[in-house]
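Protein chains in written order, with UniProt numbering: chain G, 1 to 664; chain C, 1 to 159.
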């Protein structure tokens, strides 16, 4: 009974989405306020019904309703409740429902936090959101109904959630990632609305900016969680594989980063408008491309869901319609925009332009590396793959260049920066960075050109950011007062850049100085990994909730002192007869010691993977710092105060309007 | 020159330079890092150059896996049911590597017709089959040897 209600709720939400995509837009185009007024209630209704549908599916998981095919395929009565909950988005249909729930959520958020936007703009933005919703509702209703039943032969038990996905990382990773992907639809909707209006002004940029920043922060968290999960759960200690699906999430991140920066220029200086609009369109299209790559089955990856050509073509059509229609609109409307502001060829504008060039080039590069094999395969021109070396060789120089540019750009001024002044300004940070980088090289014992470049870029960004903060915070009333005086959006930028520096440092150091050893060990053996001595003391058995495991016991020593005892496991899941490697990690701020057991070679001997991973946690901590930066930036005073003052104006208006009506 | 034109020119030059660098790096890196996929029939027919990094895949032949008890060396044969290739790998195999399952390996052919793998990828879950392998099996089964075995494997491989 319930599952049918869930499906019904979905269909109602679809109908509301259809109304949302047409009625307010018609109101905006014809200037009828009565039609525009439908935008907010329709958004709310759509969210409520999607929420009901999601709740129904969650309920089906919680009560083990295996008559629902999706539940039967992705859950099992032995699964602990929290994995039953996360299993809701463990497969294609459910994760799509989560995606749509978030899309409806973002729509509702726009409806709620846009009280002081002109009503025409709100109607248009919400209508565009509605159109996107219609696309995805149709997709789920037509091709991927999560409530489909298996009747009359209801299976006695479910075929279990893929053991790889039974993990805290999976509970969190998809929601964060989807918040990011879907969040870019808001920036897109604002861009399209602005194009329809022909009003690409500073107000438009100011309004899209916080939404873009939030979406970007969530995407950052989502990607970082995925990387962290891959690191400890896939079992082999890698943190980024340049897997096409990872790339699919990196693409909107890169162009979203470019978008954030160019929005800043558009808001502050009123330039780069057409470019910013184009970036907003591209970023959301790349999110859709990601959805297509993951859900169409064209890729082989841990993320790809079971293939269904119908789904692939539907998403491709959705992507095509979005890209073509928005670019056509862009082609007709964008040239309307005129720019009058001036800026010099050495100015903050130019630095941010270069940042955009680099980020877009990096986006292109990753896109080529990801799509080239797919296109060739589609054209029947042979099967090939483009591996990590390609991305490492091309992406790293871009990242370093972006870092170097960032450090210099922090000191630059809007409109015009004096070259000599900037050069003198950079001299000390440069000296400090060279010394610090050399120090890092000495600590890790070994000079490598790329390691030097990466660490230098990271230190350079850190020093420049700190230097700028020091300059800005000088105050007659003392340093503390000066620090407090800085705006939250400034601190957002500081955090964002420091986070990036941490990620670059982590990536560089762990790739260049990490140690990985596969060894054959029998209990009693010991092996060295870096400065750490690992002693294999024995193998034992244990039972988990829905698996049995063999676990190894390892003592880890540094300079003769024991620092950790690790128990990596080999788990057997009887329901789907699969085996999982569960690594054990002694984590630390400056290094991880990572042990995983491979297969049994003889009765006694095991294949063991030992790894020493310096600074690996900085990758994820840095991403967290970046995301915190994003959230700081949107909590800035100027967004809050405006809301408050606007609220006052609103009530004033109403108070003024009421007597007028009474008089009439 | 007019300052606005000069500025535009600068911007365009920057854009072109950025694109040129990106394209240059890309083509250079692409040329070095493209790994073509070959199936066992192609390898057995000698289509693969020696000592070039390629991807190869198929089903792990039943009863072919031999482990060296004193090291991490593993030898096995990979087949598409019309030809099979000996492979050698030193290291830890993925959890789902097993006889009768699909694998894709990265590595090079040596002079003796053995494939020396430096990376072995197996499927991620029970239902999954690398599409390259599925296709290779299908292609082989369409050839002259229409063994019932291969047919079945190809069918199950096609999801």
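We treat Cβ as the ideally placed atom computed from N, Cα and C, and that holds for glycine.
Model, not experiment: these values are computed from the prediction.
- Would you tell me roughly how many angstroms separate the C-alpha atoms of residue 287 (chain G) and residue 255 (chain G), rounded to the nearest one? By one-based count along the first chain, residue 287 (chain G) stands at place 287. By one-based count along the first chain, residue 255 (chain G) stands at place 255. Straight-line Cα distance between these residues: approximately 10 Å.
- Query: Does the beta-carbon distance from residue 276 (chain G) to residue 289 (chain G) come in below 7 Å?
  - Reply: By one-based count along the first chain, residue 276 (chain G) stands at place 276. By one-based count along the first chain, residue 289 (chain G) stands at place 289. No, Cβ-Cβ distance for residue 276 (chain G) and residue 289 (chain G) is not below 7 Å.
- Own chain partners of residue 95 (chain C) with C-beta closer than 7 Å, once the 5 adjacent residues on each side are dropped: On the second chain, residue 95 (chain C) is found 95 positions in, with the first residue counted as 1. Around residue 95 (chain C): no qualifying Cβ.
- Query: Skipping 5 residues on each side, what residues in its chain have a beta carbon closer than 8 Å to that of residue 479 (chain G)?
  - Reply: Against the first chain, residue 479 (chain G) aligns to sequence position 479. Cβ within range, chain order: 473.
- Expressed to the nearest angstrom, what Euclidean distance is found between the alpha-carbon atoms of residue 647 (chain G) and residue 209 (chain G)? Against the first chain, residue 647 (chain G) aligns to sequence position 647. Against the first chain, residue 209 (chain G) aligns to sequence position 209. With a pLDDT of 46 at residue 647 (chain G), under the threshold of 50, the modelled position of that residue is not reliable, and no figure is offered here.
- Message: By the 7 Å beta-carbon criterion, what residues does the segment 344–366 of chain G contribute toward chain C?
- Response: Taken in chain order, the members of the segment 344–366 of chain G whose beta-carbon sits within less than 7 Å of a beta-carbon on chain C are 345, 353, 354, 357, 358, 361, 364 and 365.
- Message: Determine whether the beta carbon atoms of residue 633 (chain G) and residue 489 (chain G) lie at a separation below 7 Å.
- Response: For the purposes of this step, residue 633 (chain G) is identified with residue 633 of the first chain, where counting begins at 1. For the purposes of this step, residue 489 (chain G) is identified with residue 489 of the first chain, where counting begins at 1. Yes, these two residues count as a Cβ contact at 7 Å.
- Message: In this structure, how does DSSP classify residue 573 (chain G) when only helix, strand and coil are distinguished?
- Response: The sequence position of residue 573 (chain G) within the first chain is 573, counting from 1. Of the three classes helix, strand and coil, the one that applies to residue 573 (chain G) here is strand, per DSSP.
- Query: For residue 8 (chain G), which residues of its own chain have a beta-carbon under 7 Å away from its beta-carbon, when the five flanking residues on both sides are left out?
  - Reply: Reading the first chain from its first residue, position 8 is the one you call residue 8 (chain G). If we look at residue 8 (chain G) and ignore the five residues flanking it on each side, it has no Cβ neighbours.
- The alpha helix (DSSP H) spanning residue 240 (chain G) covers which residue range? Along the first chain, read from residue 1 onward, the residue named residue 240 (chain G) stands at position 240. For residue 240 (chain G), there is no enclosing alpha helix (DSSP H), as DSSP gives it neither H nor E.
- Among C:47, C:97 and C:14, which one has its Cα closest to the Cα of residue 65 (chain C)? Taking the first residue of the second chain as position 1, residue 65 (chain C) is located at position 65. Looking at the Cα atoms, C:97 is the closest of the given residues.
- Message: Classify residue 442 (chain G): buried if its beta carbon has 16 or more other beta carbons within 10 angstroms, exposed otherwise.
- Response: If you number the first chain from 1, residue 442 (chain G) lands on position 442. Per the 10 Å Cβ criterion, exposed.
- Query: Any contact of the segment 397–404 of chain G with the segment 452–472 of chain G, i.e. 3+ C-beta pairs under 8 Å?
  - Reply: Under the 8 Å Cβ criterion, the segment 397–404 of chain G counts as touching the segment 452–472 of chain G, having at least three qualifying pairs.
- Counting only beta-carbon atoms, is residue 69 (chain C) nearer than 7 Å to chain G? Looking up residue 69 (chain C) in the second chain gives position 69. Residue-level contact check: residue 69 (chain C) touches chain G, since one or more beta carbons of chain G fall below 7 Å from its beta carbon.
- Query: Do you know offhand how far residue 17 (chain C)'s Cα is from residue 26 (chain C)'s?
  - Reply: Position 17 of the second chain, counted from the first residue, corresponds to residue 17 (chain C). Position 26 of the second chain, counted from the first residue, corresponds to residue 26 (chain C). Distance between the alpha carbons of residue 17 (chain C) and residue 26 (chain C) is about 14 Å.
- Message: Applying the 10 Å Cβ sphere with the 16-neighbour rule, what's the burial state of residue 331 (chain G)?
- Response: For the purposes of this step, residue 331 (chain G) is identified with residue 331 of the first chain, where counting begins at 1. With fewer than 16 other Cβ atoms within 10 Å, it is exposed.
- Query: Which chain C residues are close to residue 517 (chain G), counting only those with a beta carbon under 9 Å from its beta carbon?
  - Reply: Locating residue 517 (chain G) in the first chain gives position 517, where the first residue counts as 1. By Cβ distance, chain C contributes nothing, its closest Cβ being about 10 Å from residue 517 (chain G), past 9 Å.
- Query: Which of the residues in the segment 265–294 of chain G, read from start to end, lie with their CB under 9 Å from any CB of chain C?
  - Reply: Taking 9 Å as the Cβ-Cβ cut-off against chain C, none of the residues of the segment 265–294 of chain G qualify.
- Cβ atoms of residue 195 (chain G) and residue 329 (chain G): under 7 Å apart, would you say? For the purposes of this step, residue 329 (chain G) is identified with residue 329 of the first chain, where counting begins at 1. For the purposes of this step, residue 195 (chain G) is identified with residue 195 of the first chain, where counting begins at 1. Against a cut-off of 7 Å, the Cβ pair of residue 195 (chain G) and residue 329 (chain G) comes out as a contact.
- Can you tell which of C:20, C:33 and C:15 has its C-alpha closest to the C-alpha of residue 726 (chain G)? As shown, chain G starts at 1 and ends at 664. That puts residue 726 (chain G) outside it, with no answer to give.
- Query: For the 8 Å Cβ check, are there 3 or more pairs between the segment 536–553 of chain G and the segment 497–517 of chain G?
  - Reply: Not touching, per the Cβ criterion.
- Message: Is residue 105 (chain C) close to chain G? Criterion is C-beta to C-beta, closer than 7 Å.
- Response: As a working note, residue 105 (chain C) is residue 105 in the second chain. No, residue 105 (chain C) does not count as interfacial toward chain G.
- Message: Residues of chain G with CB closer than 7 Å to the CB of residue 13 (chain C), please, in chain order.
- Response: The residue you call residue 13 (chain C) lines up with position 13 of the second chain. Near residue 13 (chain C) there are no residues of chain G at all, since even the closest Cβ is about 10 Å away, more than 7 Å.
- Residue range of the unbroken beta strand (DSSP E) whose run includes residue 75 (chain C): Against the second chain, residue 75 (chain C) aligns to sequence position 75. Element bounds for residue 75 (chain C): 73–79.
- When G:129, G:313, G:537 and G:597 are compared against residue 693 (chain G), the one with the closest alpha-carbon: This structure cannot speak to residue 693 (chain G), because chain G is shown only from 1 to 664.
- Query: If you draw a straight line from the C-alpha of residue 548 (chain G) to the C-alpha of residue 282 (chain G), how long is it?
  - Reply: Walking along the first chain from the start, residue 548 (chain G) turns up at place 548. Walking along the first chain from the start, residue 282 (chain G) turns up at place 282. Each residue's alpha carbon lies about 47 Å from the other.
- Kindly list, in the order they appear in chain C, the residues whose Cβ is closer than 7 Å to that of residue 135 (chain G). For the purposes of this step, residue 135 (chain G) is taken as the residue at position 135 of the first chain. By Cβ distance, chain C contributes nothing, its closest Cβ being about 26 Å from residue 135 (chain G), past 7 Å.
- Under the rule that 16 or more other beta-carbon atoms within 10 Å means buried, what is residue 562 (chain G), buried or exposed? Stepping through the first chain from its first residue, residue 562 (chain G) is reached at position 562. Residue burial annotation: residue 562 (chain G) is exposed, with fewer than 16 other C-beta atoms found within 10 angstroms of its C-beta.
- Alpha carbon to alpha carbon, how far is residue 198 (chain G) from residue 333 (chain G)? Give it in angstroms, no decimals. Translated into positions along the first chain, residue 333 (chain G) becomes position 333. Translated into positions along the first chain, residue 198 (chain G) becomes position 198. As the crow flies, the alpha-carbon of residue 333 (chain G) is around 6 Å from that of residue 198 (chain G).
- Query: Should residue 180 (chain G) go down as buried or exposed, given a rule of 16 or more other Cβ atoms within 10 Å for buried?
  - Reply: As a working mapping, residue 180 (chain G) is identified with position 180 in the first chain. A buried status is given to residue 180 (chain G), since no fewer than 16 other beta-carbon atoms sit within 10 Å of its beta-carbon.
- Message: Does residue 481 (chain G) pass the burial test, meaning 16 or more other C-beta atoms within 10 Å, or should it be called exposed?
- Response: Stepping through the first chain from its first residue, residue 481 (chain G) is reached at position 481. Classification for residue 481 (chain G): exposed.
- Under the DSSP definition of a beta bridge, which residues are partnered with residue 38 (chain C)? As a working mapping, residue 38 (chain C) is identified with position 38 in the second chain. C:56, per the DSSP bridge assignment.
- With respect to the beta strand (DSSP E) encompassing residue 82 (chain G), which residues constitute its N-terminal and C-terminal limits? Taking the first residue of the first chain as position 1, residue 82 (chain G) is located at position 82. No beta strand (DSSP E) holds residue 82 (chain G); the alpha helix (DSSP H) holding it covers 81–86.
- Query: To the nearest angstrom, how far is it from the Cα of residue 126 (chain C) to the Cα of residue 402 (chain G)?
  - Reply: For the purposes of this step, residue 126 (chain C) is taken as the residue at position 126 of the second chain. For the purposes of this step, residue 402 (chain G) is taken as the residue at position 402 of the first chain. The predicted position of residue 126 (chain C) is uncertain, since its pLDDT is 46 and thus under 50; a value taken from the coordinates is nonetheless stated next. Annotation: residue 126 (chain C) to residue 402 (chain G) spans about 43 Å, alpha carbon to alpha carbon.
- Query: In chain order, what residues of the same chain have a beta carbon less than 6 Å from the beta carbon of residue 302 (chain G), not counting five sequence neighbours either side?
  - Reply: Locating residue 302 (chain G) in the first chain gives position 302, counting from the first residue. Low local confidence applies: a pLDDT of 48 at residue 302 (chain G) is under 50, so the model's placement there is unreliable, and no value is given.
- Quick one: measure Cβ to Cβ for residue 245 (chain G) and residue 293 (chain G), integer angstroms, because I've assumed they're closer than 8 Å. Counting from 1 along the first chain, the entry for residue 245 (chain G) is found at position 245. Counting from 1 along the first chain, the entry for residue 293 (chain G) is found at position 293. Right, their Cβ atoms sit about 6 Å apart.
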